[in-house]
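Below: one structure, written as structure tokens.
In structure tokens:
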């Protein structure tokens, strides 16, 4: 039985979420992308596209926080010539019309929208090919009325071309550099910009750089007209829902060198009764080879080879029927290759458990969301516009967790590139922009530590210690091996401890909103001490492998130092306090009127193994007592209701939202991990189950309407009972929650735990499960695991033989597949 809510359902194989009512609580998005070209696509055709950078190289526009919602978009409109009626194949922007049928299928890397209105069934599939910097809108029109039709087709998208931040703040000036003309040989509108702003800030400085790309917009139908001026195509006091050109049927064939850009093409077709027409629209970007001739200098020889008909239509001299057929064959082949790519990606881990929601998330949507965060970081989404922050270092080194199982070569490359943003003293930029090689050095105390974290995770998955010898430049001066980068990050963190012996928090740690705790450079972070301890402990085998006895001894000694200091001064009796302010006063203590207990300090006391068992039990019990909600674990309790400038921005957030008392899913996932490690499998599973978006957005009790965001991906947070909108989610898709929930599910619930030596098999499943089956690819082999719960004999068999312990050394087994049976 398919999992469903009032707006849609999962297909039986969970590979698509099918939206059946377009009036969702918010636009529900998907992604289509390859290694360079990317686009967001909503269930109504909205979103934007970019090449490499969503800030510096935006291709098309999307207006944030505006009414009407989700505009502009990628639209194909159909007009019935006889009646004059016109409509969009993606429902929006003609949402005022009464459609007979609507369906949107979000899949991996594609979105297909099907509508039916006025006797015409329209299917439009949006996707980005694996190896072409372009997006394709594959269209099929079918008459279901039994009547032949003359139709006009209008495909259009509003362009931006260049710096999206500059477009927001300087559009009246920026649009003076637009250049769009119609290329007769290509039968395409070719658009570019003669000016490119790459600086982040607002400045009078004129960079005087040419945008080095051209956009090509074409469709496989004969073109009867075009427009490149947004004002001309849409018309005065109109919108995308009623463009003047569509309403009148007259295209002005505008070619512009200034103004707001749009690429709009018109075609005319005859659709037989009960017959179909297929065509494709493509939006492609490529480097400029020859600068386009300015319109003012175009002579007769550059004019389009059109002749005017009696009705004002344009008759092309070029026949494209054969070419159109070949294009559709290519497009369909590219779509098949895209689906094959995702078949392969998702085959890395597949599970069959008694929980359908868990299966849907682990097999498809959690893996898919983790792949999205790997490439989009936190800077290209509906909630993250990509205008300010770029790629975060901590995000980059966490997000590898979701892809390293599938594509370790890409992860290796990504890690090495990111190390370019580390300084020779071991510190790092907090965030960076890939095209400009710039970023911010914010002094967040945790940021450098994600470097060794990520490197260790890569090594555990691959066993590829050769990466440690790669030489990578520092951001300021000289170079070092990857191993030296790792050691310098740890040395920097150790050197920046305060009087109490813990890491100084500076402008914040993982919790960015604790930004005033140590703004004078004296405040210290308990969570940071636990996290440093964790990373030190996990890095010890790397030091040992490298024969670096000096670092090994230093890191072991400091790990024990952290054990002593955190337990000597950070234990508040029932839980660990969160931090010490610049003035030495603690936060996160039972005597406080707000912000008594912080979740992360308790979780990481356990994860780091620095808390003794009795205190681990006590702080986890306190978390359970004070922080449990129907949606997961609150990040802090009680929420801050009064401004406290000695703590920071957290106290200015609305109580119950974001870091101020929300169910911040990233932190909640760490609690699940800590509970599993501490032996409380049942409660860990209960919180994991509550957090799954499938469960959070159920149709019962109007949960889906309140949840609002996509029911197939994790949001950043869910509003806690501290606010009247409890259960409302926000900031979906681009969150570190994705990789942590994925790996907690695979590594700890299913029990596949990669180590330097091989794979540990240690499932931690709820008592309600009778068992499960799972498959996991690891270092060139397929591990097929069968687990039986409540067995009389507790043992593990590998290829039919009983083994001692939980570690599987792959070198002992020949063949591509290893069969593992565990009886719990």
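In full-length UniProt numbering, the protein residues as written are 1 to 824. Every residue gets a Cβ at the ideal spot worked out from N, C-alpha and C, and that includes glycine.
Measure the beta-carbon distance from residue i to residue j and round it to whole angstroms, keeping in mind my assumption that it falls under 8 Å.
| i | j | result |
| --- | --- | --- |
| residue 23 | residue 165 | The pair is not a contact, with the Cβ atoms about 32 Å apart (cut-off 8 Å). |
| residue 722 | residue 655 | 5 Å |
| residue 195 | residue 177 | 4 Å |
| residue 288 | residue 216 | So it is not a contact: roughly 11 Å between Cβ atoms. |
| residue 416 | residue 470 | 6 Å |
| residue 509 | residue 444 | 6 Å |
| residue 651 | residue 664 | Between residue 664 and residue 651 the Cβ distance is about 15 Å, and since that is not below 8 Å, they are no contact. |
| residue 197 | residue 163 | 4 Å |
| residue 281 | residue 190 | Contact flag wrong, Cβ pair sits at about 15 Å. |
| residue 240 | residue 71 | 6 Å |
| residue 271 | residue 429 | Contact flag wrong, Cβ pair sits at about 56 Å. |
Can you tell which of the options has its C-alpha closest to the C-alpha of residue i?
| i | options | result |
| --- | --- | --- |
| residue 724 | 707, 736, 713, 734 | 707 |
| residue 825 | 557, 570, 104 | No information on residue 825 is available, as it lies outside the stretch 1 to 824 that the chain covers here. |
| residue 142 | 121, 126, 769, 250 | 121 |
| residue 338 | 276, 772, 35 | 35 |
| residue 658 | 772, 270, 511, 577 | 511 |
| residue 395 | 423, 410, 431, 386 | 431 |
| residue 551 | 562, 537, 444, 563 | 537 |
| residue 768 | 785, 824, 762 | 824 |
| residue 158 | 100, 466, 45 | 45 |
| residue 193 | 257, 459, 98 | 257 |
| residue 456 | 199, 412, 246, 344 | 412 |
| residue 98 | 169, 21, 777 | 21 |
| residue 827 | 613, 214, 686 | The chain is shown from 1 up to 824; residue 827 falls before or after that span and cannot be answered. |
| residue 61 | 49, 69, 67, 68 | 49 |
| residue 791 | 814, 821, 611 | 821 |
| residue 661 | 674, 669, 612, 598 | 598 |
| residue 358 | 680, 784, 712 | 712 |
| residue 668 | 771, 634, 481 | 634 |
| residue 666 | 695, 632, 680 | 632 |
| residue 754 | 803, 799, 496, 462 | 462 |
| residue 683 | 483, 392, 629, 642 | 629 |
| residue 275 | 214, 349, 119 | 119 |
| residue 106 | 16, 27, 250 | 16 |
Please name the residue or residues paired with residue i in a DSSP beta bridge.
| i | result |
| --- | --- |
| residue 754 | 759 |
| residue 431 | 392, 440 |
| residue 270 | 150 |
| residue 127 | 110, 136 |
| residue 503 | 497 |
| residue 834 | Here the chain has residues from 1 to 824 only, and residue 834 is not among them. |
| residue 581 | Looking at the DSSP assignment, residue 581 forms no beta bridge with any residue, so it has no partner. |
| residue 177 | In the DSSP output, where bridge partners are listed per residue, residue 177 has none listed. |
| residue 183 | 188 |
| residue 10 | 17 |
| residue 66 | Beta-bridge pairing links residue 66 to no other residue. |
Taking residue i as part of the alpha helix (DSSP H), name the residues at either end of that continuous run.
| i | result |
| --- | --- |
| residue 234 | 230-234 |
| residue 526 | 526-546 |
| residue 460 | 450-462 |
| residue 688 | 681-691 |
| residue 565 | 549-569 |
| residue 623 | 613-627 |
What are the boundary residues of the beta strand (DSSP E) that residue i is part of?
| i | result |
| --- | --- |
| residue 80 | 75-80 |
| residue 776 | 771-778 |
| residue 32 | 29-33 |
| residue 141 | 134-143 |
| residue 188 | 188-193 |
| residue 287 | 276-287 |
| residue 358 | Where residue 358 is concerned, there is no enclosing beta strand (DSSP E), although the alpha helix (DSSP H) it sits in stretches over 356-360. |
| residue 87 | 86-88 |
| residue 415 | Taken as a continuous stretch (DSSP letters only), residue 415 belongs to no beta strand (DSSP E), being part of the alpha helix (DSSP H) at 408-418. |
| residue 405 | Taken as a continuous stretch (DSSP letters only), residue 405 belongs to no beta strand (DSSP E), as it is neither H nor E. |
Just to check, is the beta-carbon of residue i closer than 7 Å to a non-hydrogen atom of the ligand GDP?
| i | result |
| --- | --- |
| residue 330 | The ligand GDP is not part of the structure shown, which contains no ligands of any sort. |
Quick check: the segment 733-747 against the segment 372-391, are there 3 or more CB pairs under 8 Å? Here the segment 733-747 lies against the segment 372-391, with 3 or more beta-carbon pairs under 8 Å apart.
Segment contact, 8 Å Cβ cut-off, at least three pairs: the segment 441-449 with the segment 486-496: Yes, the segment 441-449 touches the segment 486-496.
Determine, using beta-carbon pairs with one atom in the segment 83-93 and one in the segment 226-238, whether at least three such pairs fall under 8 Å. No, the segment 83-93 is not in contact with the segment 226-238.
Does the count of Cβ pairs from the segment 516-530 and the segment 581-599 closer than 8 Å reach three? Touching, yes, given that three or more Cβ pairs across the two stretches are closer than 8 Å.
Check whether the segment 745-763 and the segment 358-368 touch, using three or more Cβ-Cβ pairs below 8 Å as the test. Enough Cβ pairs lie closer than 8 Å, so yes.
The segment 33-53 / the segment 123-136 touching (three or more Cβ pairs under 8 Å): At 8 Å Cβ cutoff, the stretches touch.
Could you say if the segment 91-111 and the segment 62-77 meet the contact criterion of at least three C-beta pairs nearer than 8 Å? Three or more Cβ pairs closer than 8 Å define a contact, and the segment 91-111 meets that threshold against the segment 62-77.
Tell me whether the segment 106-121 and the segment 230-241 touch, counting them as touching only if at least three CB pairs, one residue from each stretch, are closer than 8 Å. These segments do not touch.
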